[in-house]
Each structure stands twice: as structure tokens, then as C-alpha cells.
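Asks: A single structure is presented below for examination.
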Amino acid sequence: MRLTFRRLFAVAVLAAAPFAVQAAAPVPAAPAKAADPMAAARKALDEVGDMNYQARTLTDVITDLKEKSKLAVVLDNSIFQFGLDPNQPNVTVNLKQVKLKDGLKAVLAPYNLKFGLTQEGLYISTEEGLITKQMRQRVSVDCDGTEFATAAKQLALDTGANVVVDPRLGDKAKKAVTLKLEDVPLETAVRLLAEIADLRAVRMNNVLFVTAPDKAKALREDADGPTTPAPANGFFPGGQPGFPGIGGVQILPGVAVPAVEAPQAVPAPNPAPAPAQATPPVAGTTTPAAPPVVPPAPPK
Numbered sequence: 121m122r123l124t125f126r127r128l129f130a131v132a133v134l135a136a137a138p139f140a141v142q143a144a145a146p147v148p149a150a151p152a153k154a155a156d157p158m159a160a161a162r163k164a165l166d167e168v169g170d171m172n173y174q175a176r177t178l179t180d181v182i183t184d185l186k187e188k189s190k191l192a193v194v195l196d197n198s199i200f201q202f203g204l205d206p207n208q209p210n211v212t213v214n215l216k217q218v219k220l221k222d223g224l225k226a227v228l229a230p231y232n233l234k235f236g237l238t239q240e241g242l243y244i245s246t247e248e249g250l251i252t253k254q255m256r257q258r259v260s261v262d263c264d265g266t267e268f269a270t271a272a273k274q275l276a277l278d279t280g281a282n283v284v285v286d287p288r289l290g291d292k293a294k295k296a297v298t299l300k301l302e303d304v305p306l307e308t309a310v311r312l313l314a315e316i317a318d319l320r321a322v323r324m325n326n327v328l329f330v331t332a333p334d335k336a337k338a339l340r341e342d343a344d345g346p347t348t349p350a351p352a353n354g355f356f357p358g359g360q361p362g363f364p365g366i367g368g369v370q371i372l373p374g375v376a377v378p379a380v381e382a383p384q385a386v387p388a389p390n391p392a393p394a395p396a397q398a399t400p401p402v403a404g405t406t407t408p409a410a411p412p413v414v415p416p417a418p419p420k
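All residue numbers for the sequence shown refer to the working numbering, where the first residue is 121 and numbers rise by one.
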């Protein structure tokens, strides 16, 4: 009897073992929240350190910046149209314990260039080039009853652009919006979302400001119009305003232009001779009479 009891107890323990192991198994941790690339980029730009460059090229500085900040840095190719050569050793700065973004401003100032965050990374261009790049980033929108303020904030976080919702709107900014867009410029997406929420967006330099329609109307006198696509590449037909061109090909400063052979003229066909016209009589003169016609003498 005692042996039978022991056997039954052993069987019960073995039967319960799988459940005990299952209960003791660790619960899988929740997946880590994806890091915000824009927040990481802003943090990198706020890092403090020394910046010392003596007669270095802009290309060298950008390469060093990539290594220190671990950021993707994009230099706008259109700056070459203004005669800028980033491979010339023109950068000389000696700054102690400055934020990376402040040091970069000092480096770019002599070139009259600006920088800003985009989906591609840190973008360097002229002021107008940077604004166009930020405002015309391609985005997709899929809102189904989302609060407008939430949708606008998410677009700003995803692109690094300045999308500001007027804090005076209050509950009007919480209006639910439903909109689906694929691959449209950021500026277009914000304007359409605002329109659905009975609001309006105006551009003030590099800021898209969303407010009530009446306030937007008052602001438009000082606001900037919608951005336009980037100008055509100067090396393709169409050229670039402000630079002379030959045959639609852009002539840029410091770029040798091959000689263009003038087209050979094609001789025009000889026109048919015009019929002779009688000379009109001159006033006060007498036109001489034509000589009389003498008939031939009759044969003898």
C-alpha cells in the first residue's frame, strides 16, 4: 500500500511538471519602442566639444562631422551653380566647448549656407534651397478620425520641419480628420489636413503655421507663398534663370564651354524675275512720242 502511494505521488509530480515549467518560463519582454531619429539627431547637434579646423576644406569638415555625430549629412549639389568649390581649403575656425550646431553655423556662415534636419539627414544648402527641401519632403498620410493636432505633430516629428499649430485654437485643433494621401509634399499634406479641420496653414519662411481662417487671412499679407519645385538642373535644356545659356545649355562660372559651331546658312532658291513695270511720267515733263511705224513698201 505504501509503495502504491509512492508510485501515485511520483506520477502526479511528473504530470504536473510540464505545467510548473510553463508557469516558471519568463514572460517575453515587450518590444522596445523604436528610437526617434529626429530626436537622436537633435541630441547629437547639441553635443558640446571643441571645433578646430585650420585651412581645411568643407568636404573635410563634413566628413569629420559625419564621424563625430553619426549623422547622415547631405550637401545640396545646386550650390555648385554659385561657384562654390567645397574642395578648397577655406575653412578656419577655433572654437572651444561649443554645441555642434553652433560650430557648424560658424563653418557655413562664410559660404552663406544653412543646415536643417530632413528625412534624409542633415541637409546643407542655401536658405531658399533648405526651405524648399524641408517643405517638399515626400510624405504619406493615413488618418481615420485622428485629431488634427496629433496628425500635424507626427508629420513634424517624421520630417524635422517646423509645423506649428496655433495654441490659441484650443479644442478646434482636436477636430477629427480623415484623409489618405500617398507620396505628396509635406506642405501639401499639412494644407489639406488643415482644410479638412476648417483651419488654414500659412508659410512664414521655414515654418508652416496653422491657425483659424480669419487669422490666416490677416497673416497672408506678411506670409510667404507656397514653395515651388527646385529649379531645373542647369546642365539640361531649360537652363537656370540668372545665368546666360547657349542652346539651352547652362553656362556656369568657372566651367569651360565647348565651342559651338554656327549652323551653315542654306541658300534660298532664286526667285522668278519680276515682270517689268512701266516708269510713271514725271510731272512737268513730256513723254516723247513713239516713232511712227513705217509699213513695208509693196513689191514691184
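Note that beta-carbon positions come from the ideal geometry of N, C-alpha and C, so glycine has one too.
1. Given Glu381, which residues of its chain have a CB within under 8 Å of its CB, disregarding the five upstream and five downstream residues?
2. Quick one: any contact between the region 160-171 and the region 285-297, if contact means 3 or more CB pairs under 8 Å?
3. According to the Cβ coordinates, are Leu159 and Leu237 closer than 8 Å?
4. Pick helix, strand or coil for Leu237, following the three-state DSSP scheme.
5. Looking only at its own chain, which residues have a Cβ that is under 8 Å from the Cβ of Lys294, when we skip the five neighbours before and after it?
6. Is the region 244-252 close to the region 293-307, with three or more CB pairs under 8 Å?
7. Give me the Cα-Cα distance between Gly422 and Asn210, rounded to the nearest whole angstrom.
8. Just to confirm, are Arg311 and Ala336 a CB contact at a threshold of 8 Å?
9. If you scan the region 284-310 from start to end, which runs of the beta strand (DSSP E) of 3 or more residues do you find wholly inside it?
10. With the cut-off set at 8 Å, would you say Pro206 and Thr177 are in Cβ contact?
11. Do three or more CB pairs link the region 275-285 to the region 320-329 at distances below 8 Å?
12. Could you pull the start and end residues of the beta strand (DSSP E) that Gly223 belongs to?
13. Pull up the CB-CB distance for Tyr173 and Val213, whole angstroms please, since I reckon it's below 8 Å.
14. Which of helix, strand or coil does DSSP assign to Ala321?
15. How big is the Cα-Cα spacing for Gln208 and Asp180?
16. Let me confirm a value: Gln217 is counted as buried when at least 16 other C-beta atoms fall within 10 Å, else exposed. Which label applies?
17. Of all the options Leu233, Glu187, Ser189, Leu224, which has the alpha carbon lying nearest to the alpha carbon of Asn197?
18. Residues in the same chain with beta-carbon distance under 7 Å from Gly265, minus the five sequence neighbours each way, listed in chain order, please.
19. Kindly identify the DSSP beta-bridge partner or partners of Gly169.
20. Tell me the DSSP bridge mates of Glu267?
21. If you run the structure through DSSP and keep just helix, strand and coil, what is Leu242?
22. Tell me the rounded alpha-carbon separation between Ala338 and Thr308.
23. Please determine, among Asp156, Ala271, Ala175, Val193, the residue with the shortest C-alpha to C-alpha distance to Ala314.
24. With DSSP run on the structure shown, which of helix, strand or coil describes Gln174?
Replies: Reading it off the structure:
1. In this prediction, Glu381 scores a pLDDT of 44, lower than 50, which makes its location untrustworthy; the coordinate-derived value is nonetheless stated afterwards. Here the set comprises nothing.
2. no
3. One point to set straight first is that residue 159 is Ala, not Leu, in the sequence displayed. Result no, Cβ atoms of Ala159 and Leu237 do not sit closer than 8 Å.
4. strand
5. Glu267, Phe268, Ala269
6. no
7. Because the chain is modelled from 121 through 420, residue 422 falls outside the range shown and cannot be assessed.
8. no
9. 296-305
10. yes
11. yes
12. No beta strand (DSSP E) holds Gly223; the alpha helix (DSSP H) holding it covers 220-228.
13. 5 Å
14. strand
15. 10 Å
16. exposed
17. Leu233
18. Ala296, Thr298
19. Val218
20. Ala296
21. strand
22. 21 Å
23. Ala271
24. strand
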